[in-house]
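Colleague: Structure below; questions to follow.
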Amino acid sequence: MRIAIYSSKPYEKPFLDAANADAAHELVYLDARLSTTTADLARGAPAVSIFVGDDASAPVLRALHAGGTRLLALRSAGFNHVDVAEAERLGITVARVPAYSPYAVAEHAVGLMLTLNRKFHRAYARVREQNFALDGLMGFDMHGKTAGVIGTGKIGEAVCAILRGFGCRVLAFDPVKNQACEAMGVEYVPLADLYAASDIVTLHCPLTPATKHLINAAALAAMKPGVMLINTSRGAVVDTRALIAALKRGHVGSVGLDVYEEEGDLFFKDLSAEVIQDDVFVRLLTFPNVLVTAHQGFFTREACEAIARTTIDSATGFDRAGAAGVPEANRVSTRLLK
Ligand code: NAI
Numbered sequence: 011m012r013i014a015i016y017s018s019k020p021y022e023k024p025f026l027d028a029a030n031a032d033a034a035h036e037l038v039y040l041d042a043r044l045s046t047t048t049a050d051l052a053r054g055a056p057a058v059s060i061f062v063g064d065d066a067s068a069p070v071l072r073a074l075h076a077g078g079t080r081l082l083a084l085r086s087a088g089f090n091h092v093d094v095a096e097a098e099r100l101g102i103t104v105a106r107v108p109a110y111s112p113y114a115v116a117e118h119a120v121g122l123m124l125t126l127n128r129k130f131h132r133a134y135a136r137v138r139e140q141n142f143a144l145d146g147l148m149g150f151d152m153h154g155k156t157a158g159v160i161g162t163g164k165i166g167e168a169v170c171a172i173l174r175g176f177g178c179r180v181l182a183f184d185p186v187k188n189q190a191c192e193a194m195g196v197e198y199v200p201l202a203d204l205y206a207a208s209d210i211v212t213l214h215c216p217l218t219p220a221t222k223h224l225i226n227a228a229a230l231a232a233m234k235p236g237v238m239l240i241n242t243s244r245g246a247v248v249d250t251r252a253l254i255a256a257l258k259r260g261h262v263g264s265v266g267l268d269v270y271e272e273e274g275d276l277f278f279k280d281l282s283a284e285v286i287q288d289d290v291f292v293r294l295l296t297f298p299n300v301l302v303t304a305h306q307g308f309f310t311r312e313a314c315e316a317i318a319r320t321t322i323d324s325a326t327g328f329d330r331a332g333a334a335g336v337p338e339a340n341r342v343s344t345r346l347l348k
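So this is what it looks like as structure tokens:
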């Protein structure tokens, strides 16, 4: 089956080619992001594969459908960039990679915490300039601190395990309790209590209408002064303007972001020679206590292998038996939005 692979990057190709080693599919690698203007590139391809920065809104899905596409295979777990209801209406099957490596994202989130806390990024630059002074580098023991984990699914659970290993008290909020987390001593509390008690708040919930701007001005004000906020989930879970205001007031102590509300125009590209037009993003970069990575939480060898394998498996199943051939766990439907 012909698969048009949008937003494909050179680092993904070896993994996708290996997963397609039996050449069951014709993989057409496209640099372009999927949008209304690029949908036509997939004309005649029964399957299209996209990543997190692609646009799979209703008009784009209608254009893909008109070109003969019947499978949309996401190379991601999150599916907030897809109009799932419209896909269902059109009869386009949507598949995702429900779990590739929760450890990849969890370890990245904890890496952000350690870097912000112990200021590795500043120490690295300083030592290279032969400045061996410690002023300004003081951190805190993670041991004994309270961390609040919002969303204790696969990634949140892995974060809880690492933080429990550090000797943190871990509070959690999730509408669905995870028994494995409870077994490791994680305490489920209402959000207000999590905000009030946590030295570190880390986000691992999906972006849904209920979580859009969950971290707004009121939530930030309810957090402890000096709190560290980590977001490796989706940018729009945080109201960036409210975050900037809280940083300027000095209420928020440090912030680690792997995702940003408007990252679609920025991330996964080399813009080093460009003038960035997004003033909100550029303001974020000016804070010494804000660390931004460009959506690289997933980016480990193991995760890339699993993403490629699951994507090709979904396509093979679809090729053989249509929607029913796609493993149930990979299928995205409006049921998941409820
Ligand atoms: P998951 O589906 O296993 O877990 C999500 C958890 O969030 C579930 O337990 C769910 O009950 C909970 N949840 C839903 N609504 C909530 C709310 N209002 N408040 C608190 N919790 C809520 O998903 P997984 O694999 O753990 O991934 C979590 C998110 O991480 C994804 O949705 C995606 O947005 C993001 N992600 C980021 C990556 C990166 O590279 N930075 C890579 C992979 C995922």
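In the working numbering, the protein residues as written are 11 to 348. Glycine included, C-beta positions come from ideal geometry on N, C-alpha and C. For clarity, every value in this text was computed on a predicted model and none was experimentally measured.
Going by Cα to Cα distance, which pick from H153, D203, A325, V237 is closest to F176?
Modeller: Here the closest residue by C-alpha is H153.
Colleague: So what does DSSP say about Y110, is it helix, strand or coil?
Modeller: Coil, per DSSP.
Colleague: Would you call the region 98-107 in contact with the region 295-304, where contact means no fewer than 3 C-beta pairs closer than 8 Å?
Modeller: Too few Cβ pairs lie closer than 8 Å, so no.
Colleague: According to the Cβ coordinates, are C191 and T212 closer than 8 Å?
Modeller: No, Cβ-Cβ distance for C191 and T212 is not below 8 Å.
Colleague: If I measure Cβ to Cβ from S208 and keep anything under 8 Å in the same chain, skipping five residues before and after, which residues do I get?
Modeller: Same-chain partners within the cutoff: T156, A157, G158, L181, M233, K234, V237.
Colleague: Just to confirm the assignment, what range does the beta strand (DSSP E) spanning R43 have?
Modeller: Run containing R43: none; DSSP gives neither H nor E here.
Colleague: With a threshold of 6 Å on Cβ separation, who are the neighbours of R179 within its own chain once the five nearest residues in sequence on each side are excluded?
Modeller: Same-chain partners within the cutoff: T156.
Colleague: Please state if the CB of A42 and the CB of I13 are separated by a distance shorter than 8 Å.
Modeller: The answer is no: Cβ separation not under 8 Å.
Colleague: Does F142 pass the burial test, meaning 16 or more other C-beta atoms within 10 Å, or should it be called exposed?
Modeller: It counts as exposed.
Colleague: Relative to the C-alpha of L82, which residue among M11, L126, F150 is closest?
Modeller: Taking only the C-alpha atoms, the option nearest L82 is M11.
Colleague: When the Cα of A229 is compared with those of P200, R244, P216, which residue comes out closest?
Modeller: Among P200, R244, P216, the Cα nearest to that of A229 is on P200.
Colleague: Are the beta-carbon atoms of N299 and G263 separated by less than 8 Å?
Modeller: Taking 8 Å as the Cβ cut-off, N299 and G263 qualify as a contacting pair.
Colleague: For E338 and R311, what's the separation of their Cα atoms in angstroms?
Modeller: Roughly 25 Å separates the two Cα atoms.
Colleague: Using the DSSP secondary-structure output, state which residues sit across from N188 in a beta bridge.
Modeller: Answer by DSSP bridge pairing: none, since N188 is not bridged.
Colleague: Does the beta-carbon of T46 have 16 or more other beta-carbons within 10 angstroms, so that it is buried, or is it exposed?
Modeller: Classification for T46: exposed.
Colleague: Classify M123 as buried or exposed, calling it buried when 16 or more other Cβ atoms lie within 10 Å of its own Cβ.
Modeller: Buried, since its Cβ has 16 or more Cβ neighbours within 10 Å.
Colleague: Could you check the C-alpha separation between L224 and D249 for me, to the nearest Å?
Modeller: Those two C-alpha atoms are separated by around 8 Å.
Colleague: Output the distance between the C-alpha atoms of A31 and R53, rounded to the nearest integer angstrom.
Modeller: Distance between the alpha carbons of A31 and R53: 24 Å.
Colleague: Considering only their Cβ atoms, is the gap separating E98 from T321 smaller than 8 Å?
Modeller: It is not a contact, given that the beta carbons lie outside the stated cut-off.
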